[in-house]
Structures are given as C-alpha cells and as structure tokens.
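Next comes the structure, spelled out in structure tokens:
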C-alpha cells in the first residue's frame, strides 16, 4: 500500500504529535484507510514501570491498532495505526495518565537523553535533569510550531575508560 503522508489531522490545540497517514488504496484495504501515527513523549532515560507500560498499551488497544514501536528514530514512543476520530480520545486518556504527545513534523522534536547518572558511574553531568529542564522550558514549542523544521536537542554522554594492564 502506498501512503499519502500529511493532510491536516491532529489533536485540537496541538501542532505536533500526530503524523497523518491515508492510504491511496482505501477501497481495497478499508481497515487501513486511515493509519495515523502518534508520537508520545518518552520519560528521561527511557525508564518505565511495568504499570506505565500497561497503561499505554491499554489505551492503544482501546483506541488504535495495538501496534507500537518503542523509541523510533526520534526517541518517542510510537503508536502506529489510529483512525482520525480516535485521536482526541487517545490524547485525553494519555493526558489523564500524565503522558504528553511528542514533537513531530515541522516543529521541535522531543528532547531525549541517555540514562546518564542513573547507570553510568562516569557521568559528567545529569543528562536526565538537563533533558527534563529543556522539555519543560520548550514545552510550548514542542506542539505548536515554534522552531524551523526538525529542530532537536539530544543529550548523550560519551566517556572512555582507559585500562592500563599491570
């Protein structure tokens, strides 16, 4: 199936988080005539509780295809396959559980970070806190387009440990 990307589809008041996808072969494949993608803002360092994962999957099973991609190229949680009329209910339930749509399209991408000081004893700075601060500072630019196409912040810490044999 060839997909037409784009079209005006989204959540009221947000300019990002939803990538509209419509099939050119809607008559042949009506079940995927609309197969929109939702990006969900991931927690810093990609740490989840099993309860959080269950809540996300329950929401997606109820309102979408049930197909997920944990951490696509943007770092976001990716929900694949949603009909237009289910976008608002998905957003409402995610918001109720404390989740937010990620950045997509022509706005700022969702900031992401490595696990930093949570697992790395050589961490030089707190990547988790830096990512959280950037996300909160630029939150309004994640949804309504406020930056040029695909602006992004990524925090990663590269260290090298030199081992010297005795």
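Residue numbers (the UniProt record's numbering): 1 to 166.
Every residue gets a Cβ at the ideal spot worked out from N, C-alpha and C, and that includes glycine.
Residue 131 and residue 111 look like a contact to me (Cβ under 8 Å); what is the Cβ gap, rounded to whole Å?
5 Å
Cutting at 8 Å between CB atoms, please list the residues of its own chain near residue 42, excluding the five before and the five after it.
71, 75, 76, 77, 102, 110 and 112
Between the C-alpha atoms of residue 51 and residue 33, what's the straight-line distance to the nearest angstrom?
32 Å
Could you spell out the range, first to last residue, of the beta strand (DSSP E) harbouring residue 79?
77 to 82
Considering only DSSP beta bridges, list what residue 69 is partnered with.
78
Let me know if residue 114 comes out buried or exposed under the rule of 16 or more other beta-carbons within 10 Å of its beta-carbon.
buried
Where does residue 29 land, buried or exposed, given buried means 16+ other C-beta within 10 angstroms?
exposed
Close Cβ partners of residue 99 (< 6 Å) along its chain, the five nearest in sequence each way excluded:
40
The beta strand (DSSP E) spanning residue 127 covers which residue range?
Careful: residue 127 lies outside any beta strand (DSSP E), inside the alpha helix (DSSP H) at 127 to 137.
Hey, quick one: how far does the beta strand (DSSP E) through residue 38 stretch, first residue to last?
36 to 40
Using three-state DSSP, classify residue 25 as helix, strand or coil.
coil
Buried/exposed call for residue 166, threshold 16 Cβ in 10 Å
Only weak support exists for where residue 166 lies, its pLDDT of 47 falling under 50; the coordinates are left without a value.
Output the distance between the C-alpha atoms of residue 35 and residue 119, rounded to the nearest integer angstrom.
37 Å
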